[in-house]
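Here is the structure we will look at.
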């Protein structure tokens, strides 16, 4: 591979990683409808943590989701560029997250400090941690007996092309974001800032 191709490959990988971490809809939480009974309130049990085995299982699911989305996005960007990759992410991320959830026997998704996709709201149990802008990995036990985790996402330099100040975002990316996410609030970040979190909910086996 020559230097030019190597640099292009690096840019593709970087953009794929930032889209996976911060730009895709990965929420797999079932939505309430008029015919669905209200959800039972679930909160964190203070002073109780999951086992190491449970922590490892939740981290493995997060890594699997990240890897699968990265692979799909790199494929899209290599052939069609970042604007098309954003569209692929928006259309396919939910299905990939659901597949990972089923494979690992849990629920996994993503939420943000400021939302790009309005479907990516935090689960009820995670709301206090999100409100506190938690910047370290949190592993908790829930009142329904589940293990859960909230895993921070920090903004990398390459993420600025989609989440930085609007004047730094390329017009082609701005146009695609406006088309797919008309209520986007996830811009104006700086490198190193807390961007959001992966959340994981692991039922008892």
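Residue numbers (our numbering): 159 to 363. For every residue, glycine included, the Cβ atom is placed at its ideal position computed from N, Cα and C.
Can you list, in chain order, the residues of its chain with a C-beta nearer than 6 Å to that of residue i? Leave out the 5 residues immediately preceding and following it.
| i | result |
| --- | --- |
| residue 297 | 207, 208, 213 and 307 |
| residue 287 | 296 and 308 |
| residue 351 | 313 |
Taking the beta strand (DSSP E) that residue i falls in, what are its first and last residues?
| i | result |
| --- | --- |
| residue 299 | 296-299 |
| residue 360 | 352-360 |
| residue 309 | 305-312 |
| residue 268 | 265-270 |
Excluding the 5 residues preceding and the 5 following residue i in the sequence, name in chain order all residues of the same chain whose CB lies nearer than 7 Å to its CB.
| i | result |
| --- | --- |
| residue 192 | Note that residue 192 scores a pLDDT of 39, beneath 50, so its modelled location is shaky and nothing firm can be said. |
| residue 187 | Residue confidence for residue 187 is low, a pLDDT of 47 falling below 50, so the modelled location carries little weight and cannot support an answer. |
| residue 301 | 200, 201 and 203 |
| residue 309 | 220, 295, 355 and 356 |
| residue 299 | 203, 206, 207, 208 and 305 |
By alpha-carbon positions, which one of the options ends up nearest to residue i?
| i | options | result |
| --- | --- | --- |
| residue 311 | 236, 332 and 355 | 355 |
| residue 224 | 259, 328 and 210 | 259 |
| residue 245 | 324, 275 and 289 | 275 |
Just to check my reading of the structure: residue i and residue j have Cβ atoms closer than 8 Å, yes? What is that Cβ distance to the nearest angstrom?
| i | j | result |
| --- | --- | --- |
| residue 271 | residue 291 | 7 Å |
| residue 231 | residue 243 | 5 Å |
| residue 305 | residue 262 | Actually they are not in contact, since the Cβ atoms of residue 305 and residue 262 sit about 12 Å apart, beyond 8 Å. |
If I measure Cβ to Cβ from residue i and keep anything under 8 Å in the same chain, skipping five residues before and after, which residues do I get?
| i | result |
| --- | --- |
| residue 264 | 215, 216, 219, 358, 359, 360 and 361 |
Starting from residue i, trace the alpha helix (DSSP H) in both directions and tell me its first and last residue.
| i | result |
| --- | --- |
| residue 206 | Premise fails: residue 206 is in no alpha helix (DSSP H) and is neither H nor E. |
Could you tell me which whole beta strand (DSSP E) segments of length 3 or greater appear in the stretch 234-289? 265-270
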